[in-house]
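Down below is the structure, laid out as C-alpha cells.
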Amino acid sequence: MPVNLLDFDTAGLAAWLESRGEKPYRARQLMRWVHRAGVAELDGMTDLPKSLRATLAGEVVVQAPAVTRDSIATDGTRKWLLSVGTGNGIETVFIPETARGTLCVSSQVGCALECAFCSTGRQGFNRNLSAAEIIGQLWWANRALGADLAAGKRPITNVVMMGMGEPLANFDNVVTAMRVMLDDHGYGLSRRRVTLSTSGMVPWMDRLREACPVSLAVSLHAPNDALRDRLVPINQKWPLRELLAACRRYIDGAASAPDAGDLDDDPVPAGLAAKWQRAGSPRDFVTFEYVMLRGVNDTLAHARELVDLVGDLPCKFNLIPFNPFPDSGFERSHPEAIVDFQGELLSAGFVATVRKTRGDDIDGACGQLAGQVQDRSQRRLRREPMEDTRA
Ligand code: SF4
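Oh and the sequence shown: position 292 is 293 in the numbering used here, straight run, nothing missing.
Written out as C-alpha cells, the structure is:
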C-alpha cells in the first residue's frame with residue numbers, strides 16, 4: 002500500500018524518509034513540490050535526484066479525495082463534494098471576497114455532537130478524516146482555482162476549520178494538516194489566517210494552544226448554561242464557566258507564541274484594537290459565533306447576558322443569521338432583531354459583525370454543510386421515535 006505524501010507534515014515526512022535511509026532534508030523539497038507547486042507526480046519534481054524518484058516510485062502517492070460534484074453559486078461561492086469512500090462524501094466551500102478568499106474545510110464525515118440547529122450534526126457521524134483528506138481539500142482547491150503560490154497567485158488567503166465535524170475531536174490529524182497550512186514549505190499561511198472553530202472541547206483547546214496556536218473561534222450560541230445545554234449539548238460536559246476560562250488560557254498562551262507580535266496584513270478590527278488597549282490585553286482574540294434563532298436566543302436580554310458573560314475577554318462576535326434546513330425546528334431571527342442584538346453588543350464596546358449569507362443557493366452557507374454520511378451513530382433511529390412522539 003503506497004504512502005500518501007499528503008498525510009505528512011514536514012517533520013513527519015523527514016522522519017519517514019530517514020527511516021528509509023534517505024536524507025531528511027529531502028522532506029522540504031517534497032513538501033514544496035506537493036503543496037506549493039501542486040505537483041502530484043514524482044517525474045515532475047525535477048530537482049529531486051533521479052535515484053530518489055526511482056526509489057520512491059510505487060511507494061508514495063499524492064492522493065486527495067476525488068471530486069464528485071462542483072457547484073458555483075450566483076455570488077461566486079463554490080462548493081465541492083469530495084468522495085472519501087464507502088459511500089461517504091464531505092464538503093469544502095470556497096468563499097471569494099474582494100480582498101480575501103476563504104476556504105472552509107471539513108474535519109470529519111458528519112459530526113457526533115448533535116448541536117440542535119446544525120445540518121451537519123443532523124446527518125450523524127461516520128469517521129474522522131485522515132490528515133491527507135483534510136489537507137487534500139486545500140491542495141485540491143488550490144489546483145482547481147489555478148493557484149501559483151511561487152508566483153504569488155494565491156486565491157485562498159484564509160482557511161477556516163468550520164466545515165463538517167468538530168475539529169478538536171480529530172485532534173492529531175487536524176493539527177498535522179494545520180501545520181502544513183502554516184509551514185513555509187507548505188502553504189505559508191500566518192496563524193492568524195488559519196482559524197479553528199470548536200463547540201468547546203475544553204481539554205483539547207488547551208492542547209491546541211500548546212501544539213498549534215492558530216486563531217480560535219468558539220461556537221457559543223447561548224449566553225447561559227440552561228440554553229446552551231439545549232443548543233450545544235457538549236455544554237453539559239464543559240459548561241460556560243469552564244469554556245470561558247479555557248478561552249482566556251488560550252489567549253494568554255497564544256500571545257506568547259513565536260509570531261505573536263506579527264499582525265501581518267490581516268486587518269484587526271479597529272474597535273477591537275481599542276478594547277485591547279483599554280484592557281492591556283494581548284493582541285489575540287477569540288471569535289464567538291452566535292447563530293441567530295428567532296425567539297430562542299435573540300432578545301436584548303440575551304445580548305446583555307452575553308456582555309456580562311464575556312466580561313473583559315478579548316473577543317469579537319460573529320452573528321450568523323440561521324440558515325433553515327428541512328425539519329430543523331428553528332427559524333432565522335427577524336432582521337430587526339439581529340440589528341438590535343448587534344447594537345447592544347456594539348454599545349457595550351464589542352466588535353460585532355453580522356455574517357453575510359453566502360452560497361445560499363448551493364447550501365454552502367454556515368451550518369448547511371451536509372455531504373453524504375453513512376451514519377454509524379444511529380442518530381436517525383434515535384430521532385425518529387422522538388419525532389413521532391412529538392407529532
Ligand atoms: S455545530 Fe459543529 S460541533 Fe455542532 S453538530 Fe454541527 S458540526 Fe458538529
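Quick reminder that beta carbons are idealized off the backbone N, C-alpha and C, glycines included.
Within the same chain, Cβ atoms closer than 6 Å to the Cβ of V292 are found at F118, H222, I321 and F323, the five residues on either side in sequence being excluded.
Between the alpha carbons of T121 and G187 lies a distance of about 29 Å. A contact between stretches requires three or more CB pairs, one per stretch, nearer than 8 Å, and the stretch 142-152 fails this requirement with the stretch 173-184. Considering only T199, P327, G344 and F331, the residue with the shortest C-alpha distance to R305 is G344.
S52 counts as exposed, since fewer than 16 other beta carbons sit within 10 angstroms of its beta carbon.
Segment contact: the stretch 25-44 against the stretch 181-198, three or more CB-CB distances shorter than 8 Å; contact assigned. Excluding five sequence positions before and after I136, the CB atoms of its chain that fall closer than 6 Å to its own CB belong to L7, A178 and V181, given in chain order.
At least 8 Å separates the beta-carbon of S131 from that of V161.
A distance below 8 Å separates the beta carbons of R210 and G254. Boundaries of the alpha helix (DSSP H) around Q138: A132 to A145. The residue from Q64, Q124, A55 and R29 with its alpha-carbon nearest to that of D328 is Q124. Nearest in C-alpha terms to G90, of all of M46, D48, Q138 and T99, is Q138. Relative to ligand 1, the nearest heavy atom lies less than 7 Å away from the CB of M165. Per DSSP, the continuous alpha helix (DSSP H) segment holding S120 begins and ends at S120 to R123. If you draw a straight line from the Cα of A55 to the Cα of E42, it is about 12 Å long.
With a cutoff of 8 Å on beta-carbon distance, R249 and D207 are scored as not near each other. Distances from the CB of G296 to the heavy atoms of ligand 1 are all 7 Å or more. In the three-state scheme derived from DSSP, where H, G and I count as helix and E and B as strand, D226 is classed as helix.
Contact between H303 and P240 is ruled out by a C-beta separation of about 17 Å, above the 8 Å threshold. Secondary structure of L104 (DSSP, three-state): strand.
Taking C-beta separations shorter than 6 Å and ignoring five residues to either side along the sequence, the partners of W140 in its chain run A65, following chain order.
If you draw a straight line from the Cα of P336 to the Cα of E290, it comes to about 17 Å. Residue environment analysis places S107 among the buried positions, since at least 16 neighbouring C-beta atoms fall within 10 angstroms of its C-beta.
A15 and M2 have their C-alpha atoms spaced approximately 19 Å apart. Between L307 and L245, the CB-CB gap reaches or exceeds 8 Å.
For S200, the shortest separation between its Cβ and any heavy atom of ligand 1 lies below 7 Å. Beta-bridge partners of R70 (DSSP): L82. Distance from the CA atom of D71 to the CA atom of D44, rounded to whole angstroms, is 29 Å.
G22 sits in coil when the DSSP states are folded into three classes, being neither helix nor strand.
Around the beta carbon of L301, a 10 Å sphere encloses fewer than 16 other beta carbons of the protein chains shown; the residue is thus reported as exposed. Each residue's CA atom was taken as its position, placing F126 and P50 some 44 Å apart. V40 and L232 have their C-alpha atoms some 44 Å from each other. A straight line joining the alpha-carbon of G111 with that of G164 spans about 9 Å. Residue Q30 holds the alpha-carbon nearest to the alpha-carbon of D48 among D149, G59 and Q30. Beta-bridge partners of A218 (DSSP): S198 and T288. Nearest neighbour of P234 by Cα position, chosen from S216, P204, K357 and C116, turns out to be C116.
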